Structures are given as C-alpha cells and as structure tokens.
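Visitor: Before we start, here is the structure in question, set down as structure tokens.
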Amino acid sequence: MSSTVDLGFFDAIQASMENEATTKDNIRSAVRELDRTNRNITAVLNRVHSSSKEQVPALCAQARIYFSDIQTHISDLTKLVPTHQYYKYNGLWSGPMQQACFLATLTMYLEHERLITVEELEAFFAVKVDLDNNITDFQISVEEFLHGVVSLTNELSRLAVNAVTSGDFSRPVRIGRFLKELYSGFQLLNLKNDSLRKRFDGIKYDIKKVEEIIYDLTVRKLIVANTDPAQDTARSGVEVQA
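For the sequence shown, the residue numbers in the working numbering are 5 to 246.
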C-alpha cells in the first residue's frame with residue numbers, strides 16, 4: 005500500500021527551518037558586534053558629563069573613530085539579510101540600530117549644537133535612511149532614526165544638570181531652546197507607532213526639567229537673559245562686561 009503522506013514535504017520544511025535558524029544566528033552574531041561598538045561609543049560620550057566644554061571636541065573625535073566599525077557591522081548585516089526579507093528579521097537589530105542613531109545624533113549635537121540631518125546620518129553609517137517607507141534592501145528606517153532623536157532629548161536634559169555642576173551656566177539655556185524647537189518639529193508628525201508616540205510624549209518632561217534648571221539659575225542671578233533671542237549671557241558671580 006502506497007503512503008498517503010509525502011515525507012519529502014516535511015524534509016523540505018525542516019531544511020527551510022534550519023536555514024532560517026542559521027540566518028538568525030548569523031544576524032545575532034553581527035548584532036552583538038554592533039552592540040559592543042555602541043557601548044564603546046557610549047563610554048566615550050558619557051565623559052562629556054564630567055568634562056569641561058573645552059574637552060568635548062576631543063571626546064567627539066574619539067567617538068567618531070568607532071563609527072567606522074559600525075559601518076563595518078552594518079555592511080556585515082547587509083550581506084546576511086536575505087533579499088526582500090528586511091522586515092522579517094528587522095527586530096533582531098532594530099534596538100541596537102536605534103542606539104547607534106542616538107549616538108550619531110548626540111555626537112553631531114555636541115559638535116555643532118544642532119540636529120543631525122538625514123544626509124549626515126547616512127554618512128555616519130554608509131547606508132541610506134528610508135524616507136519612502138518602502139524598504140527592500142537594508143536601510144535605516146524612519147522609526148529607528150526618530151527613536152534616536154527622542155533618546156537625545158533625555159540625554160540633553162541630563163547634560164543640562166551636569167553642565168551647571170561644572171559651571172557652564174549658559175548651556176542649559178541653549179539646550180532648552182533646542183529641545184523646544186525639536187518638540188515643535190515632532191508635533192508636526194502624525195505618529196502612529198505606539199512606542200514612538202509614548203516616547204515623544206516624554207519629551208515635554210525633559211523640557212520641564214531643563215526649564216526648572218534655567219529658572220533656578222535665573223533666580224540665583226547666575227544667568228542673564230539677553231535681549232537678542234539668539235544669545236544668552238552667563239556669569240559666575242561677576243557681571244560679564246559688554
């Protein structure tokens with residue numbers, strides 16, 4: 005009596021499952037390398053919280069060295085992700101990629117005190133940002149980019165506190181202005197990503213934290229608001245000469 009079940013069908017499924025498991029293992033290995041480099045960059049940039057403003061450029065230059073390693077890790081990932089299967093495996097690297105976007109965004113802010121552009125982010129990682137929401141090959145998603153930007157707000161509110169500790173009283177004012185402009189930009193977006201929407205709502209708390217610092221500095225007469233909205237004058241117990 006002939007078999008009514010073709011066992012070859014199950015053999016093919018098993019082979020497919022094994023291939024997928026191998027692909028995931030290889031991607032996870034590459035992601036671990038990306039995560040390790042992220043931690044190295046984080047360790048360098050964390051030092052800005054205990055460094056003088058004169059030391060910040062050197063720390064940014066040191067951090068930039070590691071971004072070439074991130075380019076290598078992303079290149080490795082690109083080779084491992086099967087064609088047209090980006091979304092199937094995206095969850096394996098999305099978290100570390102969001103962190104990498106945050107670190108690039110923070111580096112650019114520390115260097116120039118402005119928001120990184122899409123082109124500059126692409127230069128950091130040597131990979132495109134998907135602005136059309138139509139990813140077929142490996143790219144940085146818009147959500148990953150925006151998550152990185154939201155992470156920047158929390159880090160800058162922390163930097164505002166530590167800047168005061170180190171005697172840099174004007175930095176919180178500049179950070180406060182930047183965060184308010186960033187928040188206004190986010191309000192233009194119709195965010196449908198639940199996790200991104202929740203994190204965006206948290207920006208106002210970072211702004212409130214910085215505003216409280218600025219208020220305290222103003223009450224203590226450690227900063228003097230300039231009539232020019234593009235500038236703010238800081239002082240440490242003595243008047244700044246015009």
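Here a beta-carbon is modelled for each residue, glycine too, at the ideal position from N, C-alpha and C.
None of these values were measured; they are calculated from a predicted model.
What residues match up with residue 144 in a beta bridge as DSSP calls it?
Guide: Answer is 133, bridged to residue 144.
Visitor: Tell me the rounded alpha-carbon separation between residue 217 and residue 206.
Guide: The straight-line gap from Cα to Cα measures roughly 18 Å.
Visitor: Does the region 60–67 come close enough to the region 103–115 to have 3 or more Cβ pairs within less than 8 Å?
Guide: Flag = yes, the region 60–67 and the region 103–115 touch.
Visitor: Near residue 181, which residues of its chain fall below 7 Å by C-beta distance, leaving aside the five closest residues on each side in sequence?
Guide: Excluding sequence neighbours, residue 181 sits near nothing in its chain.
Visitor: Exposed or buried, what is residue 123 when buried is set at 16 or more other beta-carbons lying within 10 Å of its beta-carbon?
Guide: So residue 123 ends up on the exposed side.
Visitor: When the Cα atoms are used, what is the spatial distance from residue 221 to residue 169?
Guide: Their backbone Cα atoms lie some 12 Å apart in a straight line.
Visitor: State buried or exposed for residue 128, treating a residue as buried only when at least 16 other CB atoms are found within 10 Å of its CB.
Guide: With 16 or more other Cβ atoms within 10 Å, it is buried.
Visitor: Nearest-angstrom Cα distance between residue 8 and residue 14?
Guide: Their backbone Cα atoms lie some 13 Å apart in a straight line.
Visitor: Just to check my reading of the structure: residue 74 and residue 119 have Cβ atoms closer than 8 Å, yes? What is that Cβ distance to the nearest angstrom?
Guide: That pair is no contact at about 20 Å.
Visitor: Name the residue from 173, 198 and 21 whose alpha carbon lies nearest to the alpha carbon of residue 225.
Guide: The residue with the shortest Cα to Cα distance from residue 225 is 173.
Visitor: For the alpha helix (DSSP H) that residue 63 lies in, which residues bound it at each end?
Guide: Unbroken alpha helix (DSSP H) run through residue 63: 60–84.
Visitor: Based on Cα-Cα distance, which residue from 147, 76, 146 and 184 lies nearest to residue 160?
Guide: The shortest C-alpha separation from residue 160 is found at 184.
Visitor: Take residue 48 and list the residues in its own chain whose beta-carbon comes closer than 8 Å to its own, dropping the five residues that flank it on each side.
Guide: So the list reads 63, 66, 67 and 70, once near-sequence residues are dropped.
Visitor: Going along the chain, which unbroken runs of the beta strand (DSSP E) with 3 or more residues stay wholly within the region 191–236?
Guide: List check, beta strand (DSSP E) in window: 227–229.
Visitor: Alpha carbon to alpha carbon, what distance is there between residue 28 and residue 36?
Guide: Answer to the nearest angstrom: the Cα atoms are 12 Å apart.
Visitor: Smallest Cα separation from residue 57: which of 45, 176 and 213?
Guide: Answer by Cα proximity: 176.
Visitor: What is the DSSP secondary structure of residue 36, reduced to helix, strand or coil?
Guide: Of the three classes helix, strand and coil, the one that applies to residue 36 here is helix, per DSSP.
Visitor: At the level of alpha carbons, what is the spacing between residue 92 and residue 148?
Guide: If I take the Cα positions, the gap works out to 16 Å.
Visitor: Can you have a look at residue 95 and say buried or exposed, based on whether 16 or more other CB atoms are within 10 angstroms of its CB?
Guide: Result: exposed.
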